[in-house]
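K.L.:
Those sequence lines, one after another, are chains A and B. If you read the first sequence in my numbering, its first letter stands for residue 821, the second for the next number, and so on. If you read the second sequence in my numbering, its first letter stands for residue 10, the second for the next number, and so on. Please read through the structure below; I'll follow up with questions.
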Amino acid sequence: MSNDTQPYFIVSTAPHTHSGSSVRRIMLDVIIALMPAVLASFYLFGWHAVRLTAVCVLGCVGTEALCRRLMGRDLGIGDLSAVVTGLLLAMNLPPALPSGMALVGCVIAIAIAKQVFGGIGYNPFNPALVARVALLMSFPVAMTRWHDALNPARWLGFAWTVPDATTTATPLGLVKTALTMKQPLPLTWDNSTMLDYLLGNMSGCIGEVSALALLLGAGYLLFRRCITWHIPVTYIGTVAIFAAILRVVDPATNMPVSFHMLSGGLMLGALFMATDMVTSPLTRRGQLVFGAGCGLLTILIRRWGGYPEGVSFAILLMNALTPLINQATRPGIFGQSRKKK
Amino acid sequence: MRTTQALFKLRGSIHPEYFKGLARDKDIVAMPLPKQLCVSMAQHLGAPAKPIVSKGDHVLKGQRIGEAAGFISAHVHAPTSGTVTAVEDGPTVTGTLALRVVIEPDGQDTPANALPPIKDWTTAGRDTILARIADAGIAGMGGAGFPTRVKLSPPPDKPIDTLIINGAECEPYLTADHRVMLERAEQIWQGCEIMRSLLGVKTVRIAIENNKPEAIKAMQTAIAKADGDVAICILKTEYPQGAEKQQIFATTGREVPSGGLPMDVGCVVENVGTTYAVWDAVVNGNPLIERVTTVTGHPVAEPRNVLARIGTSYADLLAFCGGLTCDAVKIVSGGPMMGIAQSNLETTTTKTTSGLLFLEASRVPEYTSMPCISCGRCVVACPMDLLPAELSNRIEAGDYDAAESLNILDCIECGCCAFICPAHRPLVQHFKMGKSRVILKRRQAQTKS
Ligand code: SF4
Ligand code: SF4
């Protein structure tokens, strides 16, 4: 026994063993899970996707470090949460957004939406979504300048930063314009378009277009138990049910269910944004309510709202309701059902 | 075979690494008398016993040296014959001080023979047996140390219909109960019959986790000829199957009400070690002066299941197991989930010391706890269906009223939540503190009114 050299033993409260899980490991898993969609975005949108991803990740990590330094705290970037926010923010931006604007987004996400509230764990709203919506309000033109995926010019560099003839509308944008103009539905929806949408060959935010890549990543998160099925399934399921009802009631003005599934930010939102642990409810029951609420709001905004896409707004609104949902869905504890009898 | 599967699933649980292989196959070995035995008067739940010997007295093995002080208390006996060298304050396992009697063994181990064997307990009468259990100083050996006599004499308005024998041993590392079941199955069953007749119940469930197939087999053989509704209840191996309320739920489907006791749902739960002690006290007239303690952990040279006299110092126990092969940075009295970390090896064993665990540095990583990220894992893991995340935030903010309304007093301190928490929050620490604050507040309110 080495009591002479080491007379002290560590004394702490039980338990004296731990599962080995950590916040850093969870964030690392999310980063791994995002990789298929990030790589897809590079392939589909070329240089601009690379540029936005780099700017956002560095911008978010830098802002986090700076804020912590200014507040006199430890850097706190080791938990990798700023990397996740950076990736998610980039994925929620249109390909031609100038780097300066993306950087503004980073500062909003980290400084205002996260650190002001006290840093990781305390932010009521999803930081990447707050930044996206703030950018949409501040730079409405730049944030809605879309380009087709697989544009032949995508590796050519800075051409897109000036408005040019290659801009297009997103599928949801086309539908919304038709709706407001009371025109017939603008899209043909056949198997080959469906396949294009599944793979990501359409216009939209760089990380949201490839449903397949996102599903792959979500599968990994489920496998690693970083997320559970509750929010994604109720979210996507609710959108599907309401889209189906609308389609049956009025096929002339409503796109089919599969269109709603594959277009816009539904997959990215339901699989990666709504499942953000900090800003979603604690209990499984709460998560079911949360997912259903997100789905309902999304379809309402898509069909009747002022914007073509409602995923960001829907999730942010449900973020605001999370404390209430937590309160309303408290579990009945062991032994309490009998106490009342 | 009289075997049933557990009826109900735990509401929440975890699957830690068990490391039972370290000591599982080691026979129980009796440890020779150490040079000194320090017998604490605070060995059980309730009031500490009052010492009735003084310095210089010569005592015999099994002689009463501490008198139960009140209804919820238990007698304490001399573990061997020898001279009392001191009656003084000494450290207890929780780090507080309590009176202890220090005995220097004379090596003769002369028995006091104060309690005559009751060979035919079936005709001895209920009061005689209950008195014997009290005289033998038996207290729950599974952890809490609740005086067994009290448990076995429930008030008449609480009819008991089921006796549950707890052989789950869900704490990782520990194998003492496993060995006791394996080597003393017949005696455990006899002890069980004694308690069964005291309580007047027909139904007996012996709860064992399915990671102990040999113990299950041994107990099956022991109960083969039993009459009445007796069965081994095989539990899935998950923590905390051994927790009293959880075990009652798993074996009978009954939920002990919030703030209630097992007898509220007609159950009495006794640990296998306690059951053996009851048999030994009644049939052999032996008071509770020794128990099996698992000395284990990777740094221990020879992990063992040691039958040691109560009052043996942790240092002596370790020496008997060959000492350490590498540095240990943490010593835990009990298992890794609910045991108590010790600052030194001077503390001595009590009736509740089920294990002594040594952990090396690589198994005791240092953590910086972070804010809760609301991952919800603790909520899923909590067997009491509490909201550990919210409770902990409230306690951190000093809001004990909110913690009370979130049922903090129902927390069984099992540690599932802290085990699973990725933010390494000191959840159990918060709950222990919060509970004592809430209890204090309730007491103050009572004295005022
Ligand atoms: S320690 Fe308390 S709160 Fe944590 S899991 Fe166990 S019972 Fe639940
Ligand atoms: S496990 Fe830890 S981080 Fe997760 S919700 Fe519970 S307290 Fe918060």
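Backbone N, C-alpha and C fix where the C-beta goes; we use that ideal spot for every residue, glycine too.
(1) Verify the contact flag: B/Val437, CB atom, against every heavy atom of ligand 1, threshold strictly below 7 Å.
(2) Using a Cβ-Cβ cut-off of 8 Å, state whether A/Tyr942 counts as contacting chain B.
(3) Between B/Arg135, B/Glu264, B/Glu279, which has its C-alpha nearest B/Asp273's C-alpha?
(4) Where do the N-terminal and C-terminal ends of the alpha helix (DSSP H) with B/Phe80 fall, by residue?
(5) Please indicate yes or no: does the CB of A/Gly1057 lie closer than 7 Å to some heavy atom of ligand 2?
(6) Of all Cβ atoms in chain B, is any one closer than 8 Å to the Cβ of A/Ile846?
(7) For a contact defined as C-beta to C-beta under 7 Å, what are the partners of B/Asn416 on chain A?
(8) Flag this pair as touching only if the segment 45-53 of chain B and the segment 70-83 of chain B have three or more C-beta atom pairs under 8 Å; answer yes or no.
(9) Which residues, in chain order, does the segment 930-957 of chain A contribute to contact with chain B at a C-beta distance below 8 Å?
(10) Put B/His433 into one of helix, strand or coil per three-state DSSP.
(11) Is A/Arg1045 near ligand 2, judged by its Cβ being under 7 Å from some heavy atom?
(12) Checking contacts by CB at 8 Å: is A/Leu1141 closer than that to chain B?
(13) From the DSSP output, in three-state form, read off B/Thr359 for me.
(14) Mapping the DSSP letters down to three states, classify B/Cys423 as helix, strand or coil.
(15) Terminal residues of the continuous beta strand (DSSP E) containing B/Gly176?
(16) Could you check how far apart the C-beta atoms of A/Gly941 and B/Cys381 are, in whole angstroms? I think they sit under 8 Å.
(17) Got a sec: does ligand 2 put a non-hydrogen atom nearer than 7 Å to the Cβ of B/Pro431?
(18) What beta strand (DSSP E) runs, 3 residues minimum, are completely inside the segment 54-135 of chain B?
(19) For B/Ala83 versus B/Gly146, is the C-beta spacing smaller than 8 Å?
(20) Please state whether DSSP places B/Asn314 in a helix, a strand or coil.
(21) CB B/Lys70 to CB B/Asp144, shorter than 8 Å?
(22) Should B/Phe440 be counted as a contact of ligand 1 given a C-beta to heavy atom distance under 7 Å?
(23) Could you pull out every residue in the same chain whose Cβ sits closer than 7 Å to the Cβ of B/Thr305, ignoring the five residues on either side in sequence?
(24) What residues match up with B/Trp288 in a beta bridge as DSSP calls it?
(25) A/Gln935: buried (16+ other C-beta within 10 angstroms of its C-beta) or exposed?
(26) For the segment 376-402 of chain B, which residues have a CB atom closer than 8 Å to at least one CB atom of chain A, in sequence order?
(27) Using a 10 Å radius around the Cβ and a threshold of 16 neighbouring Cβ atoms, would you call A/Asn1074 buried or exposed?
(28) Could you check whether the Cβ of B/Gly424 sits closer than 7 Å to any heavy atom belonging to ligand 1?
(29) My output table needs one value for B/Thr334: the three-state DSSP class, helix, strand or coil.
(30) Might you give, ordered along the chain, the residues of its own chain that have their beta carbon closer than 8 Å to the beta carbon of B/Met190, omitting 5 neighbours on each side?
(31) Skipping 5 residues on each side, what residues in its chain have a beta carbon closer than 8 Å to that of A/Val982?
(32) Using C-beta distances below 7 Å, list every residue in its chain close to B/Val447, excluding the 5 sequence neighbours before and after it, in chain order.
(33) Buried or exposed, going by whether 16 or more other CB atoms sit within 10 Å of the CB of B/Asp186?
(34) Between B/Thr276 and B/Ala15, which are expected to be in contact by the criterion C-beta below 8 Å, what is the C-beta distance as a whole number of angstroms?
(35) If we cut at 8 Å on Cβ distances, does A/Val1109 have a partner in chain B?
P.N.:
Let me spell this out:
(1) yes
(2) yes
(3) B/Glu264
(4) Per DSSP, B/Phe80 belongs to no alpha helix (DSSP H) and is neither H nor E.
(5) Checking every heavy atom of ligand 2 against the Cβ of A/Gly1057, none is found closer than 7 Å.
(6) Interface residue (Cβ-Cβ distance to chain B less than 8 Å): A/Ile846 is classified as such.
(7) Ile1153
(8) yes
(9) If the cut-off is 8 Å between Cβ atoms, the segment 930-957 of chain A has Gly938, Gly939, Ile940, Gly941, Tyr942 near chain B.
(10) In this structure, B/His433 counts as coil in the three-state DSSP scheme.
(11) Relative to ligand 2, A/Arg1045 has its C-beta separated by 7 Å or more from all heavy atoms.
(12) no
(13) coil
(14) coil
(15) 171-176
(16) 5 Å
(17) yes
(18) The qualifying runs are 73-76, 91-100, 106-114.
(19) yes
(20) strand
(21) no
(22) yes
(23) The residues are Leu31, Ala32, Tyr182, Pro312, Gly364, Leu366.
(24) Beta-bridge pairing links B/Trp288 to no other residue.
(25) buried
(26) Residues Tyr376, Met379, Pro380, Cys381, Ile382, Ser383, Cys384, Gly385, Arg386, Val388, Val389, Pro392, Met393, Asp394, Leu395, Leu396, Ala398, Glu399.
(27) Result: buried.
(28) yes
(29) Coil.
(30) In its chain, beyond the 5 residues on either side, Gly176, Ile197, Ile217, Lys221, Ala224, Ala227, Met228, Val281 have a beta carbon closer than 8 Å to the beta carbon of B/Met190.
(31) In this prediction, A/Val982 scores a pLDDT of 45, lower than 50, which makes its location untrustworthy; no coordinate-derived value is stated.
(32) Setting aside the 5 residues that flank it on each side, B/Val447 is surrounded in the same chain by Tyr409, Ala412, Glu413, Ile417, Leu418, each with a C-beta closer than 7 Å to its C-beta; the list follows chain order.
(33) buried
(34) A small correction: the amino acid at residue 276 of chain B is Cys; Thr does not occupy that position in the sequence shown. 15 Å between Cβ atoms; not a contact.
(35) no
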